[in-house]
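Enquirer:
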Amino acid sequence: MDFKRAHSEEQRAQRRRQILDVGAAMLTEMPVAKVTLNELSRRVGLAKSNVLRYFESREAVLLDLLDAETRQWLAELEQLLQPAEGTARERGDQLAAVVAGSLARRPVWCDLNSAQASVLDHNVTVEVAIKYKRASRETIESMAALFLRYLPELGTQDAFRLVATTLLLASAAWPYSNPPQAMLDAYAADPSVAAMRTDFTDLLTRSLAVTITGLLVRHDDAPVGAVALSPAHPSVS
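Residue numbers for the sequence shown follow UniProt numbering, so the first one is 1 and each next one is one higher.
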């Protein structure tokens, strides 16, 4: 790839997009842990110092990719979550199944989301952190609105609680459902421990269904429509 120094903002944006495209392609081939700045620079065709002109660190690249993946997932989820009939419990179970199934089809998002708190939130400046958190707040509000539209019985505050729980459960379930080779070999060698291997879709579906049922039963929220979506909601990292 032939890179020349970018002089205009449009050229800089194009360079950033090219770097992100290469990073996205790498994530389809390898886990987040194996994506290095050296390899990214090599594939882009730039010296590492030149890549750092556009992104301050590997983590800054990955945070941008996580935001893009999240927005793509929400666009898909909006199409999947069409109005449905049934009791609140039935629609809650359907919501859990749809969300879990859609995330299972997005391994790159799952891997990035699982690495966010322990990896991606590190080695970035305050400016990058603020940029990502602002973008994240927008997607969280959009997700809560989707949940509330599909299951209005939740109420606004519980819709945000469900978003927080969804992100945390997905983050924890993904690495447990995708163990390293040593664990896979152990499951194959000893049938008595094979049952301990977890299935991501099943685990997330059941966990979200239980969470939704609990929120509906407790229902310590304000009446639907009484509170507008606003920044004053439970925080989600």
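All residues carry an ideal CB built from backbone N, CA and C; glycine is no exception.
For the candidate residues S102, R42, N50, whose alpha-carbon lies nearest to that of Q79?
Expert: Reading the sequence shown from its first residue, position 79 is the one you call residue 79. Nearest C-alpha to Q79: S102.
Enquirer: Any beta carbon from chain D within less than 8 Å of A88's own beta carbon?
Expert: Annotation note: the requested chain D is absent from the structure, which comprises a single protein chain.
Enquirer: With DSSP collapsed to three states, give me the class of Y176.
Expert: Mapped onto the sequence shown, residue 176 falls at position 176. Of the three classes helix, strand and coil, the one that applies to Y176 here is helix, per DSSP.
Enquirer: What is the rounded straight-line gap between the Cα of H122 and the Cα of E59?
Expert: Your numbering for residue 122 matches position 122 in the sequence shown. Your numbering for residue 59 matches position 59 in the sequence shown. Taking the straight line joining both Cα atoms gives about 7 Å.
Enquirer: Do you know how far the Cα of R16 is from the Cα of V210?
Expert: Locating residue 210 in the sequence shown gives position 210, counting from the first residue. Locating residue 16 in the sequence shown gives position 16, counting from the first residue. Using only the alpha carbons, I get a separation of about 42 Å.
Enquirer: From the DSSP output, in three-state form, read off F147 for me.
Expert: Position 147 of the sequence shown, counted from the first residue, corresponds to residue 147. Correct three-state label for F147: helix.
Enquirer: With the cut-off set at 8 Å, would you say L74 and N113 are in Cβ contact?
Expert: As a first step, residue 74 is located in the sequence shown; it is residue number 74 there, counting from the start. As a first step, residue 113 is located in the sequence shown; it is residue number 113 there, counting from the start. No, Cβ-Cβ distance for L74 and N113 is not below 8 Å.
Enquirer: Taking all protein chains shown into account, decide if L204 is buried (16 or more other Cβ within 10 angstroms of its Cβ) or exposed.
Expert: By one-based count along the sequence shown, residue 204 stands at place 204. With 16 or more other Cβ atoms within 10 Å, it is buried.
Enquirer: Let's test the definition: count the other Cβ atoms within 10 Å of the Cβ of S118 and tell me whether it reaches 16, buried, or not, exposed.
Expert: By 1-based counting over the sequence shown, the position of residue 118 is 118. So S118 counts as exposed.
Enquirer: Quick one: using the 10 Å Cβ neighbour count with 16 as the cut-off for buried, is D158 buried or exposed?
Expert: Position 158 of the sequence shown, counted from the start, is the residue given in the question as residue 158. The residue is buried, with at least 16 neighbouring Cβ atoms inside 10 Å.
Enquirer: Would the region 10-27 count as touching the region 47-55 if we require 3 or more Cβ pairs under 8 Å?
Expert: A contact exists between the region 10-27 and the region 47-55.
Enquirer: Anyone know if the C-beta pair for P180 and D111 falls short of 8 Å?
Expert: For the purposes of this step, residue 180 is taken as residue 180 along the sequence shown, with counting starting at 1. For the purposes of this step, residue 111 is taken as residue 111 along the sequence shown, with counting starting at 1. Contact flag unset, no.
Enquirer: Indicate the three-state DSSP secondary structure (helix, strand or coil) for P31 in the structure shown.
Expert: As a working mapping, residue 31 is identified with position 31 in the sequence shown. It is coil, neither helix nor strand.
Enquirer: Determine, using beta-carbon pairs with one atom in the region 21-31 and one in the region 86-102, whether at least three such pairs fall under 8 Å.
Expert: They do not touch, by the three-pair rule.
Enquirer: Go ahead and pull the three-state DSSP assignment for P83.
Expert: As a working mapping, residue 83 is identified with position 83 in the sequence shown. If DSSP states are grouped into helix, strand and coil, P83 belongs with coil.
Enquirer: Quick check on G155: buried or exposed, where buried means 16 or more other Cβ atoms within 10 Å of its Cβ?
Expert: By one-based count along the sequence shown, residue 155 stands at place 155. Per the 10 Å Cβ criterion, buried.
Enquirer: Grab me the residues of L63's own chain with a C-beta within less than 6 Å of its C-beta, minus the 5 sequence neighbours each way, in chain order.
Expert: The residue you call residue 63 lines up with position 63 of the sequence shown. So the list reads L120, Y132, once near-sequence residues are dropped.
Enquirer: Could you compute how far the alpha carbon of S192 sits from the alpha carbon of L184?
Expert: The residue labelled residue 192 in the question sits at position 192 within the sequence shown. The residue labelled residue 184 in the question sits at position 184 within the sequence shown. So the alpha carbons of these two residues sit roughly 13 Å apart.
Enquirer: Comparing alpha-carbon positions, which option in A129, M143, Q116 lies nearest V99?
Expert: Within the sequence shown, residue 99 is the residue found at index 99, counting from 1. It is M143 whose Cα lies nearest to the Cα of V99.
Enquirer: Consult DSSP for D45 and reduce its assignment to one of helix, strand or coil.
Expert: The residue given as residue 45 occupies position 45 in the sequence shown. According to the sequence shown, residue 45 is Gly rather than Asp. In the structure shown, G45 sits in coil (DSSP, three-state: anything other than H, G, I, E or B).
Enquirer: Using only the alpha-carbon positions, how far apart do A164 and E138 sit?
Expert: Residue 164 sits at position 164 when you count from the first residue of the sequence shown. Residue 138 sits at position 138 when you count from the first residue of the sequence shown. If I take the Cα positions, the gap works out to 14 Å.
Enquirer: What separation, rounded to the nearest whole angstrom, lies between the Cα atoms of L66 and V217?
Expert: Position 66 of the sequence shown, counting from 1, holds the residue named residue 66. Position 217 of the sequence shown, counting from 1, holds the residue named residue 217. So the alpha carbons of these two residues sit roughly 33 Å apart.
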